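Below you'll find the structure, written out as structure tokens, and then a few comments.
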Amino acid sequence: MASVDSKLYIIGAGFAGQMIAEDIKRKKIFGKIAAFLDDSKDLIGKQIDGIPVLGPIETVAPILNVNGIDEAIIAIPSATVERTREIYSALKNANFFHIKILPSISQVINGKVHLVQAREINPLDILGRTPVVIPLEESLSYLKNKRVLITGAGGSIGSELARQLLSGGTERIYLFGHGENSIVKIYRELNVLQNEGVGEKASIVPIIGDMRDREYVRYIISHTKTDVIFHCAAYKHVPMMEQNPVAVIENNVYGTQNLLDAALEFGVERFVLISTDKAVSPVSVYGVSKMICEKQILATAKKTKAGQSFMFVRFGNVLGSRGSLLPVFMEQIQNGGPVTVTDKNMERFFMTIPEACSLVLQTGGVGENGQSYLLDMGEPVKIIDIAEQIIRFSGFEPYKDMDIKIIGCRPGERLYEPLWLKEENPTRTKYQKLFTLTSQSPGFNLDELLQKMKPICFFDSEKTQMFRNREMLIEILRAAVPSLDEFYSSNENKKGDASESSKVVL
511 MASVDSKLYI
521 IGAGFAGQMI
531 AEDIKRKKIF
541 GKIAAFLDDS
551 KDLIGKQIDG
561 IPVLGPIETV
571 APILNVNGID
581 EAIIAIPSAT
591 VERTREIYSA
601 LKNANFFHIK
611 ILPSISQVIN
621 GKVHLVQARE
631 INPLDILGRT
641 PVVIPLEESL
651 SYLKNKRVLI
661 TGAGGSIGSE
671 LARQLLSGGT
681 ERIYLFGHGE
691 NSIVKIYREL
701 NVLQNEGVGE
711 KASIVPIIGD
721 MRDREYVRYI
731 ISHTKTDVIF
741 HCAAYKHVPM
751 MEQNPVAVIE
761 NNVYGTQNLL
771 DAALEFGVER
781 FVLISTDKAV
791 SPVSVYGVSK
801 MICEKQILAT
811 AKKTKAGQSF
821 MFVRFGNVLG
831 SRGSLLPVFM
841 EQIQNGGPVT
851 VTDKNMERFF
861 MTIPEACSLV
871 LQTGGVGENG
881 QSYLLDMGEP
891 VKIIDIAEQI
901 IRFSGFEPYK
911 DMDIKIIGCR
921 PGERLYEPLW
931 LKEENPTRTK
941 YQKLFTLTSQ
951 SPGFNLDELL
961 QKMKPICFFD
971 SEKTQMFRNR
981 EMLIEILRAA
991 VPSLDEFYSS
1001 NENKKGDASE
1011 SSKVVL
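Numbering (the numbering used here), first residue to last: 511 to 1016.
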């Protein structure tokens, strides 16, 4: 919020900027708007509702903020990432105290924007490519008057899906998760957005629970009369899951099976699994768990009744998700550095969370039963390049003000994550940035694998020696998944004797 002596400038005098100005005047909480800043020759020098329009942006910004305490809101939803980067740089160099930004045009519904949607600008807004514009109202029409359940609704992907679902005309949005605090956070945020006029009215229902609880999952799906499920919940921190392999299989694999069985039994119309590039020729237990989830989807799709469609959508890293590199880098910078990068040659495919979620929601509507989908992630980006950009965003010069330290790959990591197998033959659809994949047989018997692992994850009085036995689980997975076995074998040759801590049964 602007201080008493500071001035507020709205960057962009178009429809979004004017709506924000009206919102600010009506609420009287941000103080007086000093001016619009714009590049349009047709607008510069004029007034809009008594507010002068100054410009061009890069020319006037440095001469306005003489006291260094003024604030700005970038209100140009249609701006490319490159243009947003230029505007941010001009404002930053002019020492603007706070810089906020409105969501991209892909998140603006019916040409309406609201002050409550403005947030502090962050590196996500100036990194990567310009997101594809998805007409949300049109692509979400299949959810009109439906009951939608999001698993992992408190996570990065789940919570963004919920925000965008506000514009879909859904009857109810069920926020399902086992983390009380994260569910409370998104539940409150959605209520604030609704109260400020964002989207359409829908009942928001928080549900605290664990998808590993089979009977509770059946109870939830049957009693909520869920029509559509977006399954985002998963343990996903690769190095952590390498230390807790039983937990990741128990949660990701058997939790998914519980959801699939209940969805099949109680007639859920659409089930969309969020998958990952780490499921391709997996080299970590997490990656194997998601590869198995993909196979579970395809197996369940063969049992569906008329009117049911089960599918998965695979994509790479999303910028800004919890545990991803962005928040880690930002924390390291706040602590004075250094910023740590595993390898100077490591690269990943990246997409922003809002863009990924818009594409997932679109896929949920156009996707067919038993089909595998892949999002077009563009070209891979080197992690060290992102580290350098984030350091500069934070006002430092890489290697001069803030060092970058190479620390080496952690367990379960590789330098490059492929998005598909050659045999999957990605084929473009008529929808921008969406491919179909040719489904591949798993190379193992899915039912037999689940039976073998079950007494390791769940106590069986007749097989007590197997319960939580991580070594036995790894042995089973290595026998079933050649890529995991090959990766483990190569690392075993490098490591030699394992430490005692790595032998703990979890």
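Think of the CB as a built atom: it goes at the ideal place given N, C-alpha and C, for glycine as much as any other residue.
If you're wondering where the values come from, they're calculated on a predicted model, not measured in any experiment.
Query                                                                                                                                     : Result
Residue environment, residue 919, which counts as buried when at least 16 other CB atoms sit within 10 Å                                  : exposed
First and last residue of the uninterrupted alpha helix (DSSP H) at residue 648                                                           : 646–649
Which of helix, strand or coil DSSP assigns to residue 865                                                                                : helix
Closest residue to residue 684 among 777, 560, 730 (Cα-Cα distance)                                                                       : 730
Cβ pair count under 8 angstroms reaching 3, the region 870–889 against the region 843–855                                                 : no
Contiguous alpha helix (DSSP H) assignments of at least 4 residues, all confined to the region 789–871                                    : 795–811, 835–844
Strand pairing of residue 572, partner residues [DSSP]                                                                                    : DSSP output for residue 572 lists no bridge partner at all.
Inter-residue CB distance, residue 603 and residue 566 (contact presumed, cutoff 8 angstroms)                                             : Incorrect: roughly 15 angstroms between the Cβ atoms, too far for contact.
Other residues of its chain near residue 656: CB distance less than 7 angstroms, five sequence neighbours each side excluded              : 680, 681, 737, 738
Residue 764 in three-state terms, based on DSSP                                                                                           : helix
Cβ neighbour criterion (16 or more within 10 Å) applied to residue 665                                                                    : buried
Counted within 10 angstroms of its Cβ, other Cβ atoms place residue 521 as buried (16 or more) or exposed                                 : buried
3 or more residues per run - each beta strand (DSSP E) lying fully within the region 653–677                                              : 657–661
Which residues DSSP lists as bridging residue 713, in chain order                                                                         : 682
Start and end residues, beta strand (DSSP E) containing residue 610                                                                       : 608–611
Burial state of residue 1022 (16 or more Cβ within 10 Å)                                                                                  : The question about residue 1022 has no answer here: the residues shown for the chain are numbered 511 through 1016.
Chain-order list of residues whose beta-carbon lies under 7 angstroms from that of residue 939 (same chain, five-residue window excluded) : 945, 946
C-beta contact flag for residue 518 and residue 542 at 9 angstroms                                                                        : yes
C-beta contact flag for residue 693 and residue 718 at 9 angstroms                                                                        : yes
Closest by C-alpha distance to residue 1017, when choosing among 822, 784, 636, 623                                                       : The chain is shown from 511 up to 1016; residue 1017 falls before or after that span and cannot be answered.
Contained alpha helix (DSSP H) runs [length at least 4] in the region 720–763, N- to C-terminal order                                     : 724–734, 748–753, 755–758
For residue 986 and residue 962, the rounded distance between their alpha carbons                                                         : 8 angstroms
Cβ-Cβ distance between residue 611 and residue 579 below 9 angstroms                                                                      : no
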